[in-house]
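As structure tokens, the structure follows; a few thoughts come after it.
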Amino acid sequence: MCRDPWRAYPEKVPPDRSCSTGAVHGHDVYVWDCLRGQHVVVAQYSAEMTCRSAVRQTAPCGGMTPLETELKLTPAMCTGPRSGREWR
2 MCRDPWRAYP EKVPPDRSCS TGAVHGHDVY VWDCLRGQHV VVAQYSAEMT
52 CRSAVRQTAP CGGMTPLETE LKLTPAMCTG PRSGREWR
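Just add 1 to wherever you are in the sequence shown, counting from 1, and you've got this note's numbering.
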């Protein structure tokens with residue numbers, strides 16, 4: 002069973018931005034633009050009947066992580082908090 006990303010990588014502040022890459026399956030992505038001097042991304046792949054463990058990647062503030070590049074995410078795609086599951 003997969004742990005919720007906010008339990009796997011707890012932070013005291015909510016992400017600056019978050020989004021999903023799909024409706025039925027895809028990644029739930031949480032982005033901190035600059036947290037303790039780093040650009041931080043936490044993401045978890047999930048589908049209707051399965052999920053993968055959450056991953057955390059960092060880059061210099063203002064940069065992009067390899068996961069963001071792989072998923073072809075842009076700042077315009079992840080804007081504000083996601084509806085539904087929120088960072089807790």
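All residues carry an ideal CB built from backbone N, CA and C; glycine is no exception.
My understanding is that residue i touches residue j, with C-beta atoms under 8 angstroms, so please give their C-beta distance in whole angstroms.
i, j, result
"Val43", "Arg53", "Wrong, their Cβ atoms sit about 13 angstroms apart, outside the cutoff."
Give the straight-line distance between the Cα atoms of residue i and residue j, rounded to the nearest whole angstrom.
i, j, result
"Trp33", "Pro16", "5 angstroms"
"Gly27", "Leu68", "13 angstroms"
"Met65", "His40", "7 angstroms"
"Met78", "Gly23", "12 angstroms"
"Gly85", "Tyr10", "For Gly85, the pLDDT reaches just 48, beneath the cut-off of 50, and the residue's location in the model is therefore unreliable, although a value from the coordinates is still provided. C-alpha separation (whole angstroms): 19 angstroms."
"Thr75", "Met50", "28 angstroms"
"Val25", "Glu71", "19 angstroms"
Here's the rule I'm using: 16 or more other beta-carbon atoms within 10 Å means buried, otherwise exposed. How should residue i be labelled?
i, result
"Val14", "exposed"
"Pro6", "buried"
"Arg18", "buried"
"Cys20", "buried"
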